[in-house]
Amino acid sequence: MAETPRSFQGIILALQSYWASKGCAVLQPYDMEVGAGTFHPATTLRALGSKAWAAAYVQPSRRPTDGRYGENPNRLQHYYQYQVIIKPSPPDLQALYLGSLEAIGIDASLHDIRFVEDDWESPTLGAWGLGWEVWCDGMEISQFTYFQQVGGHDCHPVSGELTYGLERLAMYVLNVDHVMDMPFNDPQSPIPLTYGDVFKQTEEEYARWNFDVADTETLLQHFKDAEAECARILDEPAVDPKTGKTILMAHPAYDQAIKASHVFNLLDARGVISVTERQAYIGRVRALTKACADAFVATPAGGAT
Amino acid sequence: MPDLLIELFSEEIPARMQGKASADLQKLVTDGLVEAGLTYASAAAFATPRRLALSVEGLTAASQAVREERKGPKVGAPEQAVAGFARGAGVEVSALDVRADKKGEVYFAVIERPGRPAAEIIAEVLDKTVRTFPWPKSMRWGAGSLKWVRPLHSIICLLSDEAGAEVVPVEIDGITAGAETQGHRFLSKGAIKVTGFEDYEAKLKQAHVYLRPEERAEMIWHDATNQAFAQGLEVVADPGLLAEVAGLVEWPVVLLGKIADDFLDLPPEVLQTSMKEHQKFFSVKDKTGRIVQFVTVANTETSDGGATILAGNQKVLFARLSDAKFFWENDLRVAKAGMEPWLESLGNVTFHNKLGTQKDRIERIVALARELATVVGADADEAAEAARVAKADLSSEMVYEFPELQGLMGRYYAANAGLSDAVAAAAEEHYSPLGPSDDVPTAPVSVAVALADKLDTLTGFWAIDEKPTGSKDPFALRRAALGVIRLILENGLTVPLSRIFVENSWAPELLSFFHDRLKVYLKDQGIRHDVIDACIAMPGNDDLTLLVKRAKALQATLETDDGENLIQGFKRANNILSQAEEKDGVSYEYGADPKFAEHDAERALFTALDEADRVIKPAMEAEDFGTAMAAMAELRGPIDAFFEGVQVNAENDIVRRNRLNLLSRIRSTCLAVADLTRING
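From first to last, the protein sequence lines stand for chains A and B.
To convert, count from 1 in the first sequence and add 14; that's our numbering.
To convert, count from 1 in the second sequence and add 8; that's our numbering.
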């Protein structure tokens with residue numbers, strides 16, 4: 015067994031090299047604000063269509079409503095997810111997953127690892143799947159999902175998706191009680207840094223902005239703009255008049271859907287969305303992701319010939 | 009006689025689905041085998057988190073050959089008809105027999121179905137079972153199109169007899185049946201080859217898998233209670249949780265852990281709910297009933313005796329209970345200050361878009377509880393206060409986190425707000441009764457709020473025309489009506505429902521909805537439908553207690569010999585009278601006079617009716633239905649004697665009319681008690 019990681023980044027590096035060794039393309043985080051690793055086009059869009067795919071990546075994720083000014087031991091408005099997606103899902107995906115736990119120092123002969131029913135659904139992505147939350151000694155450390163539908167399209171073949179909540183998992187492995195106390199780099203480093211050294215101040219700053227300062231008028235306008243731009247992009251003719259090539263712009267359109275989704279989360283944190291409006295906003299974001307999914311499956315990466 | 013073993017080995021099956029899945033597997037396979045002409049001696053099915061298994065013993069080795077003869081058209085019938093007949097029977101036209109019949113020569117088809125070996129039938133039945141299995145939710149995986157609850161990995165399909173075991177050749181979407189399975193995910197390595205059910209169960213046990221769910225449940229319960237007992241403690245029984253936990257493990261290992269002292273002040277229900285919902289822990293209480301420890305059930309044995317697992321679980325519990333404690337302390341601050349912010353915020357919660365907010369609803373319930381207070385013997389102000397705060401806890405943080413604690417938290421918070429015990433109790437009890445076997449509150453304040461709550465729901469939804477239809481009852485209005493019925497009857501209350509429904513256009517319909525629910529409720533208590541109908545037809549039918557009292561007395565009377573025969577006499581009188589009234593075009597309602605009586609039996613009936621009327625009228629006024637009905641049943645003898653000895657349609661018209669008027673007295677006397685025309689038989 016590999017040496018047990020001693021820091022947050024040690025765990026990330028162990029997961030990266032493990033999944034690289036299993037043949038995943040190790041991608042980089044998507045360069046936009048998203049609520050979860052699933053929003054990365056490497057998952058959402060690549061789960062569609064017939065082409066085989068295998069990728070792993072860290073995705074910084076933002077959930078404005080979860081901000082606690084850096085005081086809560088494990089709640090953060092900005093955190094990291096580790097995401098693995100393999101299409102078609104291999105028959106030994108559970109075994110591969112358990113191997114990744116071993117790689118970060120969770121010894122199955124000492125711990126109680128369980129697959130507990132958890133059906134996944136994302137109303138904004140128009141997606142659902144079946145799977146489990148994985149428990150280690152009673153704590154949820156990952157989500158394990160077989161995608162059945164994304165953007166309103168049936169997944170054929172089915173992708174297997176693994177999501178690790180990195181902070182929580184690392185706190186458990188490293189035996190840390192408060193996220194801000196967790197060693198970010200190796201504690202033996204010349205300049206040892208904790209998670210708090212890196213993120214305590216930003217958690218405070220964003221919590222204040224998310225909850226009280228973000229301008230709701232501006233955000234509402236951003237939402238409308240993203241929605242309109244998404245539709246406009248998809249309405250363009252398939253053939254690019256300049257190059258004469260067929261270029262459907264599924265990804266640029268999907269960027270706008272991601273943007274709208276994040277703006278919606280910010281508006282939610284500002285408390286300006288009522289219960290009834292909430293459903294309507296979710297429906298609008300879903301309409302965008304669905305339109306992007308429709309476009310993607312008509313592209314070569316989406317399996318169109 | 010061969011035995012059959014089937015195992016469907018998959019990734020983890022949700023615990024809540026396992027019981028039904030094993031029953032479905034047994035039913036689908038055995039039904040399929042029997043339908044195809046096989047028989048068997050016994051069958052049993054089992055489930056673990058990763059497998060469904062079925063054992064069928066004493067199976068016939070092959071189905072019987074079947075010979076069937078079918079009669080067809082006459083010889084000489086159109087060619088198409090003959091061809092159609094042959095096609096339907098599955099034989100060639102040239103193979104049809106011609107036989108003599110009464111009407112001439114007729115075609116006969118002889119259909120021979122040869123017997124088939126069991127293996128062939130099993131393969132078909134299993135294929136169909138897997139492809140059509142009724143999982144509540146199923147999924148595809150990889151590049152395949154087969155659906156199962158989670159990816160299906162392997163299949164055992166084994167027929168065995170004295171000569172040995174043989175794999176039944178089946179292939180379902182690339183999975184070929186064999187004789188091998190896997191043991192425990194972590195405690196066993198490699199494939200296990202089996203030769204039959206006994207061998208399968210024994211080898212699984214060696215490989216750290218207990219096949220039988222009830223065995224796992226028993227082990228868990230036994231170990232848990234033993235470990236607790238050794239510490240002088242007791243495990244809180246929870247059969248639902250036990251079944252669920254038994255579905256999460258193949259190799260149960262019970263671990264007993266401590267709850268940190270910081271949390272022992274939390275209400276026990278909060279500890280119990282938090283541990284159960286989030287962690288699937290059992291609660292363990294001490295002699296005083298305080299919850300002080302927990303039981304968690306691991307799926308594996310470890311070299312450190314579970315120490316790491318227990319420490320991890322304890323850590324997770326600490327975090328969970330820290331949340332619960334945080335909610336509890338925040339809530340207590342609001343409660344002790346009088347709960348006003350909670351009541352205010354209920355104004356932001358929509359109850360139903362046509363019925364306003366929870367706050368609006370509470371105002372209606374307050375008014376109704378005050379009105380009902382006198383009827384149930386509660387203090388009006390106290391009932392109103394109880395109604396005002398009964399739903400305050402819906403705004404609390406604890407109930408937001410654990411909705412199942414609504415009401416119970418209300419009781420704690422009302423008590424902490426310094427309100428009376430009766431008001432605090434009503435916060436919890438006003439939701440009751442929720443079902444047909446739930447306890448019914450008896451404390452007057454609780455009863456007043458419980459009735460007001462349910463009646464507001466019912467009148468509200470009737471007013472906006474959202475009534476239950478068929479199997480659809482999204483607002484649980486049938487349950488609410490049954491709750492009202494049980495509250496009224498079991499507390500013996502006089503609540504005239506019409507006064508609550510007032511003059512609304514929907515009032516008669518809602519009352520008849522109540523009557524329908526009442527019939528269902530009384531039927532379970534053995535009271536006949538027609539008896540209830542006979543009583544519903546009487547005045548005062550919105551007073552359910554009175555209505556039921558009348559129905560019970562009537563049923564008791566009908567169960568006597570006199571009562572039963574009286575009905576016959578009444579019906580005979582009523583029929584003769586109705587026919588005569590129709591024929592003559594008049595109603596014989598008045599003026600029967602004993603002086604025109606010619607016959608002793610006739611005179612005796614006059615006397616008997618006078619006597620009955622003398623008893624029945626005051627008894628009815630006093631709601632003493634027993635006495636009234638006994639007096640009515642007394643009429644049986646005189647009525648029978650009258651019909652025996654007297655011809656109603658006499659020659660003499662005066663005598664005839666007098667006798668018809670006498671029959672009318674029978675009718676009016678009896679109808680004063682209940683509408684006997686509605687009684688069957």
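No residue lacks a Cβ here, since even glycine has one placed at the ideal position from N, Cα and C.
Can you name the start and end residues of the beta strand (DSSP E) that A/Arg128 belongs to? The residue given as residue 128 of chain A occupies position 114 in the first sequence. Its beta strand (DSSP E) spans residues Ile127 to Glu131.
Bridge-paired residues (DSSP) for A/His167: Translated into the one-based positions of the first sequence, residue 167 of chain A becomes position 153. DSSP, once it has assigned bridges, lists A/Val164 as partnering A/His167.
Output the residue ranges of the alpha helix (DSSP H) runs that lie fully inside the region 374-436 of chain B and measure 4 residues or longer, sorted by chain position. As summarised for the region 374-436 of chain B, the continuous alpha helix (DSSP H) elements at least 4 residues long and confined to that stretch are 388-397, 405-409 and 416-424, given in chain order.
Within the 8 Å Cβ cut-off, does A/Trp134 reach chain B? Stepping through the first sequence from its first residue, residue 134 of chain A is reached at position 120. With 8 Å as the cut-off, A/Trp134 does not count as an interface residue toward chain B.
A/Pro74 - containing beta strand (DSSP E), residue span: Residue mapping note: residue 74 of chain A aligns to position 60 of the first sequence, counting from 1. Counting along the chain, the beta strand (DSSP E) containing A/Pro74 begins and ends at Trp67 to Arg76.
Buried or exposed: which applies to B/His537, given that a residue is buried once 16 or more other Cβ atoms fall within 10 Å of its Cβ? For the purposes of this step, residue 537 of chain B is taken as the residue at position 529 of the second sequence. It is exposed - the Cβ of B/His537 has fewer than 16 other Cβ atoms within 10 Å.
Listed by chain order, chain B residues near A/Val172 by CB distance under 7 Å: Looking up residue 172 of chain A in the first sequence gives position 158. For a Cβ distance threshold of 7 Å, residue set Arg148, Trp149 and Gly150 of chain B lies close to A/Val172, ordered along the chain.
Nearest candidate by alpha-carbon position, reference B/Ala108, set B/Arg95, B/Phe509 and B/Lys79: Residue numbering aside, residue 108 of chain B sits at position 100 when the second sequence is read from its first letter. Residue B/Lys79 is the option with its Cα nearest to B/Ala108.
Which whole-angstrom value describes the C-beta separation of B/Pro452 and B/Gly385, a residue pair presumed to lie in contact below a C-beta threshold of 8 Å? Your numbering for residue 452 of chain B matches position 444 in the second sequence. Your numbering for residue 385 of chain B matches position 377 in the second sequence. With a Cβ gap of about 5 Å, B/Pro452 and B/Gly385 count as contacting.
Just the chain A side, please: which residues come within less than 9 Å of B/Ala23 by C-beta, in chain order? Along the second sequence, read from residue 1 onward, the residue named residue 23 of chain B stands at position 15. Val130 and Glu131, listed in chain order.
Does DSSP classify B/Arg58 as helix, strand or coil? As a working mapping, residue 58 of chain B is identified with position 50 in the second sequence. If DSSP states are grouped into helix, strand and coil, B/Arg58 belongs with coil.
What are the residues that DSSP puts in a beta bridge with B/His160? Residue mapping note: residue 160 of chain B aligns to position 152 of the second sequence, counting from 1. Contrary to the premise, residue 160 of chain B reads as Leu rather than His in this sequence. The partner list for B/Leu160 (beta bridge, DSSP) reads B/Ser18.
Note down, in chain order, all residues in the region 317-331 of chain B with a beta-carbon under 7 Å from any beta-carbon belonging to chain A. Hits within the stretch, in order: Ile317, Gly320, Asn321 and Val324.
State the Cα-Cα distance for the pair A/Ala315 and A/Pro102, rounded to the nearest angstrom. Translated into the one-based positions of the first sequence, residue 315 of chain A becomes position 301. Translated into the one-based positions of the first sequence, residue 102 of chain A becomes position 88. Straight-line spacing of the CA atoms in A/Ala315 and A/Pro102 works out to 15 Å.
What does the alpha-carbon distance come out to for the pair A/Val187 and B/Ser353? Indexing the first sequence from 1 puts residue 187 of chain A at position 173. Indexing the second sequence from 1 puts residue 353 of chain B at position 345. Going from the Cα of A/Val187 to the Cα of B/Ser353 covers about 42 Å.
Where the beta strand (DSSP E) through B/Leu263 begins and ends: In the second sequence, residue 263 of chain B corresponds to position 255, counting from 1. Boundaries of the beta strand (DSSP E) around B/Leu263: Val261 to Lys266.
Looking at the secondary structure, which residues open and close the alpha helix (DSSP H) in which B/Ser454 lies? Taking the second sequence and counting its residues from 1, the one referred to as residue 454 of chain B is at position 446. Here the alpha helix (DSSP H) through B/Ser454 covers Pro452 to Ala471.
Starting from B/Phe650, trace the alpha helix (DSSP H) in both directions and tell me its first and last residue. As a first step, residue 650 of chain B must be located in the second sequence, where it is residue number 642. Unbroken alpha helix (DSSP H) run through B/Phe650: Arg644 to Gly653.
How is the beta strand (DSSP E) around A/Ser288 delimited, first residue to last? What you label residue 288 of chain A is simply residue 274 of the first sequence in a count that begins at 1. Going by DSSP, A/Ser288 is part of no beta strand (DSSP E) at all; its letter is neither H nor E.
Any contact between the region 31-44 of chain B and the region 127-139 of chain B? By contact I mean 3 or more CB pairs, one from each, below 8 Å. Using a Cβ-Cβ distance cut-off of 8 Å, the region 31-44 of chain B and the region 127-139 of chain B are in contact, since at least three pairs of beta carbons, one from each stretch, lie closer than that value.
How would you list, in chain order, the residues of chain A whose beta-carbon sits under 9 Å from the beta-carbon of B/Asn307? Locating residue 307 of chain B in the second sequence gives position 299, where the first residue counts as 1. Result: Asp126, Ile127 and Arg128.
What are the residues in the region 16-39 of chain A lying within 9 Å of chain B by C-beta distance? From the region 16-39 of chain A, no residue has a Cβ closer than 9 Å to chain B.
Mind pulling the chain A residues with CB within less than 7 Å of B/Gln694? Since the first residue shown for chain B is 9 and the last is 689, residue 694 of chain B is missing from the structure and cannot be characterised.
Which listed residue (B/Gly355, B/Ala627, B/Arg369 and B/Pro449) has its alpha carbon closest to that of B/Ala680: Stepping through the second sequence from its first residue, residue 680 of chain B is reached at position 672. For the set B/Gly355, B/Ala627, B/Arg369 and B/Pro449, the Cα lying nearest the Cα of B/Ala680 is the one of B/Ala627.
Helix, strand or coil at B/Asn524 according to DSSP, with G and I counted as helix: If you number the second sequence from 1, residue 524 of chain B lands on position 516. The sequence as given places Asp at residue 524 of chain B; Asn does not occur at that position. For B/Asp524, the three-state secondary structure derived from DSSP is helix.
When B/Trp229, B/Thr184 and B/Ala345 are compared against B/Leu427, the one with the closest alpha-carbon: Looking up residue 427 of chain B in the second sequence gives position 419. Nearest Cα to B/Leu427 within the set B/Trp229, B/Thr184 and B/Ala345: B/Ala345.
Cβ of A/Pro78 less than 8 Å from any chain B Cβ? Reading the first sequence from its first residue, position 64 is the one you call residue 78 of chain A. Among the CB atoms of chain B, none fall inside 8 Å of the CB of A/Pro78.
Minimum Cβ-Cβ distance from A/Pro251 to chain B less than 8 Å: The residue labelled residue 251 of chain A in the question sits at position 237 within the first sequence. Interface criterion not met: the Cβ of A/Pro251 is under 8 Å from no Cβ in chain B.
To test your reading of the DSSP string, which unbroken alpha helix (DSSP H) runs of 4 or more residues are found completely within the region 128-160 of chain B? Runs of the alpha helix (DSSP H) inside the region 128-160 of chain B: none found.
Which same chain residues, not among the five before or five after B/Glu8, have their C-beta less than 6 Å away from its C-beta? What the structure shows of chain B is the stretch from 9 to 689, and residue 8 of chain B is not part of that stretch, so it cannot be assessed.
Interface positions of the region 150-173 of chain B facing chain A (Cβ-Cβ less than 9 Å), listed along the chain: Contact residues of the region 150-173 of chain B toward chain A are Gly150, Ala151, Gly152, Ser153, Val157, Arg158, Pro159 and His161 (C-beta to C-beta distance below 9 Å).
Boundaries of the beta strand (DSSP E) in which A/Tyr96 is found, first to last residue: Here residue 96 of chain A corresponds to residue number 82 of the first sequence, with the count starting at 1. Note, A/Tyr96: beta strand (DSSP E), His92 to Lys101.
Using the Cβ count rule (16 or more neighbours within 10 Å means buried), how would you classify A/Ala70? Along the first sequence, read from residue 1 onward, the residue named residue 70 of chain A stands at position 56. The residue in question, A/Ala70, is buried, as its Cβ has 16 or more Cβ neighbours within 10 Å.
Within a Cβ cutoff of 6 Å, which residues of the same chain sit near B/Ala49, ignoring the five residues on either side of it in sequence? Numbered from 1 along the second sequence, position 41 holds the residue referred to as residue 49 of chain B. If we look at B/Ala49 and ignore the five residues flanking it on each side, its Cβ neighbours are Glu65 and Gly66.
Would the region 151-168 of chain B and the region 182-199 of chain B be scored as touching if the rule is three or more Cβ pairs under 8 Å? Yes, the region 151-168 of chain B is in contact with the region 182-199 of chain B.
Threshold first: 4 residues or longer. Then list the alpha helix (DSSP H) segments lying entirely within the region 190-261 of chain B, N to C. Qualifying alpha helix (DSSP H) stretches, in chain order: 205-214, 221-238 and 247-254.
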